[in-house]
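Residue numbers (my numbering), protein chains in the order written: chain A, 123 to 376; chain B, 575 to 853; chain C, 366 to 650.
Just below is one structure, and these are the notes that go with it.
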Amino acid sequence: MNDAQAKLTVRGLKVFFGQFLALRGVTMDIAANEVLGIIGPAGSSKTTFLRALNRLNELTPGTRVEGTVLLDGEDIYHPACDPVMLRKRAGMLFALPVPLPMSIYDNIVYGVRLCGVRTRARLDELVEQSLKAAFLWDEVKDRLRTSALRLSGGQQQRLCLARVLAMEPELILLDEPCSGLDPISTARIEEALTALKARYTIILVTNNTKQAARVADRTAFFLMGELIEYGPTNQLFTTPHDSRTDDYVTGRFG
Amino acid sequence: MRLPAKHTQRLAVLILGGATALTLCVLLFIIFVVLKTGLPVVNLHFLLDNPRDMGRAGGIFPTFVGTFLLPLVAIAFALPLGVGTAVYLTEYTRETRITHIIRFGTDCLAGIPSIIFGLFGFIFFVVSLGMGWSLLSGGLTLAIMVLPTIIRTSEEAIRAVPYAYREVSFALGATRWETVLKVVLPNALPGIVTGVMLSIGRSIGETAAVIFTAGSSLRLPRSVFDSVRTMAVHFYILAREGISNENAYGTAAVLVITVLLVNMATYWLMHTFIARRAR
Amino acid sequence: MRLNTETIVEKALLLVALSALMSLLLIAVFIFKEGVPFMVKVGPGAFLFSSEWEPQNGLYGIFPMIIASIWVTLGAMLVGAPLGIAGAVFLNEFVPRGVMRVVKPAIELLAGIPSVVYGFIGVMVLAPLIRAHLGGPGLSVLAAAVILGVMILPTVMSIATDAINAVPNSYREGALALGATRWQAVHMVVVKAARSGIIAGVILGMGRAIGETMAVIMVAGNAVRAPGSPLDSVRTLTANIALEMGYASGMHRQALFATGIVLFLFIMVLNSIAMAAMRTRAGGR
Numbered sequence: 123m124n125d126a127q128a129k130l131t132v133r134g135l136k137v138f139f140g141q142f143l144a145l146r147g148v149t150m151d152i153a154a155n156e157v158l159g160i161i162g163p164a165g166s167s168k169t170t171f172l173r174a175l176n177r178l179n180e181l182t183p184g185t186r187v188e189g190t191v192l193l194d195g196e197d198i199y200h201p202a203c204d205p206v207m208l209r210k211r212a213g214m215l216f217a218l219p220v221p222l223p224m225s226i227y228d229n230i231v232y233g234v235r236l237c238g239v240r241t242r243a244r245l246d247e248l249v250e251q252s253l254k255a256a257f258l259w260d261e262v263k264d265r266l267r268t269s270a271l272r273l274s275g276g277q278q279q280r281l282c283l284a285r286v287l288a289m290e291p292e293l294i295l296l297d298e299p300c301s302g303l304d305p306i307s308t309a310r311i312e313e314a315l316t317a318l319k320a321r322y323t324i325i326l327v328t329n330n331t332k333q334a335a336r337v338a339d340r341t342a343f344f345l346m347g348e349l350i351e352y353g354p355t356n357q358l359f360t361t362p363h364d365s366r367t368d369d370y371v372t373g374r375f376g
Numbered sequence: 575m576r577l578p579a580k581h582t583q584r585l586a587v588l589i590l591g592g593a594t595a596l597t598l599c600v601l602l603f604i605i606f607v608v609l610k611t612g613l614p615v616v617n618l619h620f621l622l623d624n625p626r627d628m629g630r631a632g633g634i635f636p637t638f639v640g641t642f643l644l645p646l647v648a649i650a651f652a653l654p655l656g657v658g659t660a661v662y663l664t665e666y667t668r669e670t671r672i673t674h675i676i677r678f679g680t681d682c683l684a685g686i687p688s689i690i691f692g693l694f695g696f697i698f699f700v701v702s703l704g705m706g707w708s709l710l711s712g713g714l715t716l717a718i719m720v721l722p723t724i725i726r727t728s729e730e731a732i733r734a735v736p737y738a739y740r741e742v743s744f745a746l747g748a749t750r751w752e753t754v755l756k757v758v759l760p761n762a763l764p765g766i767v768t769g770v771m772l773s774i775g776r777s778i779g780e781t782a783a784v785i786f787t788a789g790s791s792l793r794l795p796r797s798v799f800d801s802v803r804t805m806a807v808h809f810y811i812l813a814r815e816g817i818s819n820e821n822a823y824g825t826a827a828v829l830v831i832t833v834l835l836v837n838m839a840t841y842w843l844m845h846t847f848i849a850r851r852a853r
Numbered sequence: 366m367r368l369n370t371e372t373i374v375e376k377a378l379l380l381v382a383l384s385a386l387m388s389l390l391l392i393a394v395f396i397f398k399e400g401v402p403f404m405v406k407v408g409p410g411a412f413l414f415s416s417e418w419e420p421q422n423g424l425y426g427i428f429p430m431i432i433a434s435i436w437v438t439l440g441a442m443l444v445g446a447p448l449g450i451a452g453a454v455f456l457n458e459f460v461p462r463g464v465m466r467v468v469k470p471a472i473e474l475l476a477g478i479p480s481v482v483y484g485f486i487g488v489m490v491l492a493p494l495i496r497a498h499l500g501g502p503g504l505s506v507l508a509a510a511v512i513l514g515v516m517i518l519p520t521v522m523s524i525a526t527d528a529i530n531a532v533p534n535s536y537r538e539g540a541l542a543l544g545a546t547r548w549q550a551v552h553m554v555v556v557k558a559a560r561s562g563i564i565a566g567v568i569l570g571m572g573r574a575i576g577e578t579m580a581v582i583m584v585a586g587n588a589v590r591a592p593g594s595p596l597d598s599v600r601t602l603t604a605n606i607a608l609e610m611g612y613a614s615g616m617h618r619q620a621l622f623a624t625g626i627v628l629f630l631f632i633m634v635l636n637s638i639a640m641a642a643m644r645t646r647a648g649g650r
């Protein structure tokens with residue numbers, strides 16, 4: 123694939139935390155409307171890579187980034203790029219669901235309101251749309267004004283997904299979104315992701331290789347801050363080029 | 575002779591427990607004495623009447639009002655400054671030389687005795703800025719005095735807000751300031767209110783910083799430029815100048831009840847806040 | 366546009382954050398501006414070490430007040446420190462949590478009682494007792510020390526409590542496992558580990574005591590002379606300021622600000638020691 127088609131172009135991306143080199147130069151392309159799975163053992167800097175794509179790493183003091191990341195050909199680390207605008211285009215779902223301590227409704231329109239959307243009808247519409255897309259609408263439509271903290275863990279994570287979708291981002295970054303969830307909730311989230319692929323580019327970091335196999339179009343394998351290899355999910359799982367990948371996906375370590 | 579360890583322990587616990595019990599008794603005794611001598615004087619007329627003849631007769635209504643107005647003015651200035659400082663220290667900067675200096679300054683300010691605040695308030699607000707003995711001079715002096723309390727409690731409350739909330743807010747495209755306004759401060763509110771209550775409690779009982787800045791007029795203030803007398807100052811003047819022991823006792827009783835109520839409300843608030851955080 | 370708002374907000378908050386520091390500087394500048402010219406004129410030696418305080422005759426010696434402040438403060442420490450430390454140790458180590466939850470806030474209420482009320486108790490109860498049983502005028506160093514001791518007790522206790530709480534539980538368990546009784550574990554291990562925090566609490570309490578004004582005015586008697594016995598009436602630095610501020614003017618008023626400077630310096634020294642002690646604790650952990 124060439125650069126013109128890629129949604130995201132990553133070239134030589136390095137992230138330092140103080141003196142520590144956490145991400146050791148990653149180069150890859152991510153196409154529009156694909157689900158890219160990222161797998162690898164704990165501590166392989168998958169999350170750091172993900173957070174480099176919406177510049178969330180820089181909230182940690184002492185972080186330094188080298189290399190380039192182009193989103194639709196624009197360098198997101200260019201001084202003229204506003205990280206706030208970038209984060210609106212790249213929504214993120216965290217490992218643990220973090221509903222803000224406010225109502226379900228207010229959670230979902232949190233980001234949208236910040237963008238200046240104020241009309242009631244438009245907000246209502248967004249809430250309904252995004253809750254439906256996250257397969258949560260039926261469960262909560264009668265209690266949108268109650269506290270989001272009262273939802274179950276699985277519902278909370280879908281609420282967080284809906285909150286991201288309400289922003290109408292181009293990119294959805296998911297950081298092990300199912301690690302705290304039971305199998306049924308996990309299935310719900312996966313179902314939602316598959317349906318969302320048509321409209322978004324999705325990057326899914328997961329500890330669960332099976333989840334990557336189920337959901338991802340292509341999969342990348344990270345180890346110790348390095349991108350070992352990436353390719354179509356089927357190929358990566360059946361005929362990997364690197365022996366370390368083979369060891370990991372066949373469960374010999376990690 | 576060495577006592578066996580078991581006996582030493584029993585003796586130690588007895589002494590420590592005795593000391594603690596003594597402390598507790600002193601507290602109860604103080605409250606008891608104040609209420610016993612003062613309560614017979616206190617009734618609705620005492621609370622709602624104007625003092626007559628320098629406070630020799632009549633009630634304490636204007637001082638009651640002054641006691642509440644002065645802390646209000648103080649909080650109006652100290653709250654934005656204190657919370658702003660706390661927000662800056664927690665959200666906008668890492669530990670640097672500047673934050674160290676700010677923290678050091680806050681600690682020093684907290685240690686300054688109230689009479690120095692009184693001296694300063696008098697020479698700066700009353701004399702240099704020409705505000706005279708007034709609600710404003712007294713309020714500003716108290717504001718500086720309670721600023722360290724508000725900064726510290728707000729900072730603690732803000733730090734207790736989970737980091738994940740901020741992360742989510744940033745990830746949803748909020749700026750730092752939006753995150754502070756919409757997520758951090760609303761969640762830190764109970765702690766901030768606790769700091770405000772502590773400050774009000776301290777201001778109500780304050781005398782030395784107030785008497786030289788707010789003055790001691792017995793009339794109800796019409797504006798912030800009018801002098802006021804608080805209950806603490808009223809009590810001090812009545813007792814010290816031997817104007818009326820009875821009314822002094824009554825004032826002390828009302829003052830102590832007010833302070834205890836404010837402090838108990840603060841404690842209750844702190845308690846529910848901590849309980850909520852633990853959940 | 367939004368980035369601009371952010372920079373403006375950040376700059377504004379920095380300004381706000383400097384308010385405490387600015388207030389401190391302003392206080393120092395104004396007190397010194399009033400007091401230093403006076404000290405220069407009278408001479409620091411005559412001001413600090415002469416015993417004649419007769420403002421109407423141009424005599425401004427605050428030596429008796431300095432001595433009185435030191436006596437009263439040390440006395441307050443003798444009363445408040447043991448009680449405060451005992452309370453902290455007892456409530457943290459020997460009492461079920463439920464009891465502590467009731468007793469500790471009750472004692473903290475002591476800190477909230479206005480100082481004029483303490484003065485009132487001193488005048489009504491303590492001074493007559495001293496006069497009847499020990500002699501002297503009653504309003505005395507002793508009365509002031511006892512009242513101030515009770516007033517600083519909550520300060521000592523709450524800081525000592527923090528220090529004791531900060532001692533890791535493994536220390537206690539280690540000592541108990543070696544066959545120590547609870548008390549041995551507490552006084553040989555816990556109190557030793559919390560020592561610098563406890564000292565900081567005592568010193569901060571002393572700072573409180575030396576700066577206390579209204580209660581002292583009411584119970585110390587206010588005679589301008591160096592005390593010969595704890596039963597003598599004395600005037601502290603704070604009392605000197607508060608008593609005469611109401612009518613002083615000119616040189617006299619400046620003399621009171623100069624008294625304020627001396628007090629300010631005392632407090633700064635005490636607080637620096639306390640902060641250093643607390644830092645040792647923080648660094649030692």
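The beta-carbon is built from N, C-alpha and C at its ideal position, and this holds for glycine as well.
At least one CB atom of chain C sits nearer than 8 Å to the CB of B:Phe786.
For A:Thr190, the enclosing beta strand (DSSP E) starts and ends at 185 to 193. In summary, B:His808 is buried, with 16 or more beta-carbon neighbours lying within 10 Å of its beta-carbon over all protein chains present.
Using a 10 angstroms sphere on the CB of A:Gly276, the tally of other CB atoms reaches 16 or more, which defines it as buried. Within the region 295 to 326 of chain A, not one residue has a Cβ closer than 7 Å to any Cβ of chain B.
When B:Val608, B:Val767, B:Tyr666 are compared, the shortest CA-CA separation from B:Val836 is found for B:Val767.
At a cut-off of 8 Å between beta-carbon atoms, A:Tyr232 makes contact with chain B. Only Val551, His552, Leu569 from the region 550 to 569 of chain C bring a Cβ to less than 9 Å from some Cβ of chain B. With its beta carbon less than 8 Å from one in chain B, A:Pro223 belongs to the interface. A buried status is given to C:Trp548, since no fewer than 16 other beta-carbon atoms sit within 10 Å of its beta-carbon. Counting other Cβ atoms within 10 Å of its Cβ, B:Leu646 stays below 16 and is therefore classed as exposed. Relative to the Cα of B:Arg677, the nearest Cα in the group C:Met387, C:Leu621, C:Gly593 belongs to C:Met387. The region 162 to 169 of chain A and the region 182 to 197 of chain A do not touch, with fewer than three beta-carbon pairs separated by less than 8 Å. Against chain B, the beta carbon of C:Asn636 has neighbours under 8 Å at Asp681, Cys682, Gly685, listed in chain order. Going by beta carbons, C:Thr546 and B:Lys580 fall inside the 8 Å limit.
When beta bridges are read from the DSSP output, A:Val132 appears opposite A:Met150, A:Val191. The C-beta distance from C:Leu513 to C:Val581 rounds to 7 Å, short enough to fall under 8 Å. By the Cβ neighbour-count rule, C:Met430 is buried, with 16 or more other Cβ atoms within 10 Å of its own. Assigned with DSSP and collapsed to three states, A:Thr323 falls in strand. Going by beta carbons, A:Tyr322 and A:Arg340 fall outside the 8 Å limit. Residue contact with chain B for C:Leu456: present (Cβ-Cβ distance below 8 Å to some residue of chain B).
Beta-bridge partners of A:Val137 (DSSP): A:Leu145, A:Val187.
Residue state for B:Ile686 is assigned as coil, using DSSP reduced to three classes. Note on geometry: alpha-carbon atoms of B:Lys756 and B:Val742 lie some 12 Å from one another. Per DSSP, reduced to three states, the secondary structure at C:Thr438 is helical. The region 619 to 630 of chain C makes no contact with the region 453 to 461 of chain C, as fewer than three CB pairs between them are under 8 Å. With contacts defined as CB atoms closer than 8 Å, B:Glu820 and B:Val615 qualify as a contacting pair. According to DSSP, residue pairing for B:Met705 in a beta bridge does not occur. Across the region 169 to 201 of chain A, CB contacts with chain B closer than 7 Å involve Asn176, Leu178, Leu181, Pro183, in sequence order along the chain. Across the set A:Asp260, A:Ala154, A:Leu293, the C-alpha of A:Leu293 shows the shortest separation from the C-alpha of A:Leu208. For C:Ala393, the uninterrupted alpha helix (DSSP H) run begins and ends at 384 to 407, by DSSP. Proximity of chain B to C:Arg547 at the Cβ level (cut-off 7 Å) is accounted for by Gln583, in chain order. Under the 8 Å criterion on CB atoms, B:Trp707 is classed as non-interfacial with respect to chain C. Close CB contacts of B:Val833 within its chain, under the 8 Å cut and outside five residues either way in sequence, are with Gly775, Ile778, Gly779 (chain order). A:Asp297 has A:Val327 as its beta-bridge partners, per DSSP. Taking 8 Å as the Cβ-Cβ cut-off, the region 702 to 727 of chain B approaches chain C at Ser702, Ile718, Leu721, Pro722, Ile725, given in chain order.
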